[in-house]
Amino acid sequence: MNSKPATATRPTRPKPGERRLQILQTLAAMLQEPGTDRVTTAALAARLQVSEAALYRHFASKAQMFEGLIDFIESTVFGLINQITTQHADGVRQMSNICHMLLGFAEKNPGMSRVLVGDAIVVEDDRLQDRINQLVDRLETTLRQCVRDAISQGRIPSDADVNARASLLLACVQGKWLRFVKGGFKHAPTQGFEAQFPLLIA
Numbered sequence: 326m327n328s329k330p331a332t333a334t335r336p337t338r339p340k341p342g343e344r345r346l347q348i349l350q351t352l353a354a355m356l357q358e359p360g361t362d363r364v365t366t367a368a369l370a371a372r373l374q375v376s377e378a379a380l381y382r383h384f385a386s387k388a389q390m391f392e393g394l395i396d397f398i399e400s401t402v403f404g405l406i407n408q409i410t411t412q413h414a415d416g417v418r419q420m421s422n423i424c425h426m427l428l429g430f431a432e433k434n435p436g437m438s439r440v441l442v443g444d445a446i447v448v449e450d451d452r453l454q455d456r457i458n459q460l461v462d463r464l465e466t467t468l469r470q471c472v473r474d475a476i477s478q479g480r481i482p483s484d485a486d487v488n489a490r491a492s493l494l495l496a497c498v499q500g501k502w503l504r505f506v507k508g509g510f511k512h513a514p515t516q517g518f519e520a521q522f523p524l525l526i527a
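Residue numbering for the sequence shown follows my numbering, starting at 326 and increasing by one per position.
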């Protein structure tokens, strides 16, 4: 029996959406590498083994790549917040779980923690910091609602300052994010939070 010659198979190219995701994943991975102050498009393209022009077929600019990371952070974080507030009616439990989730997210995603504290975008387009500021404002608004719920449930004194409580919780989270980034990812953001939380709402 004559066998047909084997035909060479060409490597399959990633679909446009898959390539975009691959670019964002690689950017996030590079941001968490020691000594990486700034990721250039040239370095990103080299890591992906493509040309810089290939990157710009998927993103109009590097700022748009960072916006993609911020979109991922927002959708992930607020999706988890929605789960927490749906599963737990207790305002204090909501505050604790939300803060712990925010700390855990940074811990699991060191590269994205640099975006959250502005470290990775300091020399990029100003609109990126505006996006992060808006994200932080939304987080504080969410925590204020949790404080109000805790007051209405009698879990926190009725004369508690809602804004001050929410601001303090968020300041703690942001401080732990910053220490994590500036300390070279050595200080886990979640470390010690369980013992610190009761002091924050006392």
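Using N, Cα and C, we set each Cβ at its ideal position, and we do this for glycine too.
Supposed contact pair residue j and residue i - C-beta distance, whole angstroms, cut 8 Å
i, j, result
"residue 471", "residue 416", "5 Å"
"residue 494", "residue 525", "6 Å"
"residue 513", "residue 432", "5 Å"
"residue 465", "residue 491", "5 Å"
Selected residue, minimal CA-CA separation from residue i, among the options
i, options, result
"residue 399", "353, 436, 457, 370", "457"
"residue 426", "464, 362, 455, 405", "405"
"residue 383", "347, 486, 360", "347"
"residue 393", "511, 452, 373, 464", "452"
"residue 355", "381, 385, 516, 391", "391"
"residue 385", "484, 443, 450", "450"
"residue 505", "403, 419, 440", "440"
Alpha-carbon to alpha-carbon, residue j and residue i
i, j, result
"residue 367", "residue 499", "31 Å"
"residue 522", "residue 359", "31 Å"
"residue 595", "residue 387", "Only positions 326 to 527 of the chain appear in the structure, and residue 595 is not among them; the question remains open."
"residue 510", "residue 435", "7 Å"
"residue 409", "residue 372", "37 Å"
"residue 361", "residue 350", "16 Å"
"residue 365", "residue 455", "21 Å"
"residue 369", "residue 503", "25 Å"
"residue 508", "residue 518", "17 Å"
"residue 414", "residue 396", "27 Å"
"residue 363", "residue 467", "32 Å"
"residue 481", "residue 497", "19 Å"
Outcome for residue i when other beta-carbon atoms lying within 10 angstroms are tallied against a minimum of 16
i, result
"residue 447", "exposed"
"residue 438", "buried"
"residue 501", "buried"
"residue 488", "exposed"
"residue 486", "exposed"
"residue 407", "exposed"
"residue 475", "buried"
"residue 376", "exposed"
"residue 412", "exposed"
"residue 353", "buried"
"residue 421", "buried"
"residue 389", "exposed"
Backbone secondary structure at residue i - three-state DSSP
i, result
"residue 511", "coil"
"residue 469", "helix"
"residue 482", "coil"
"residue 399", "helix"
"residue 377", "helix"
"residue 358", "coil"
"residue 413", "coil"
"residue 421", "helix"
"residue 382", "coil"
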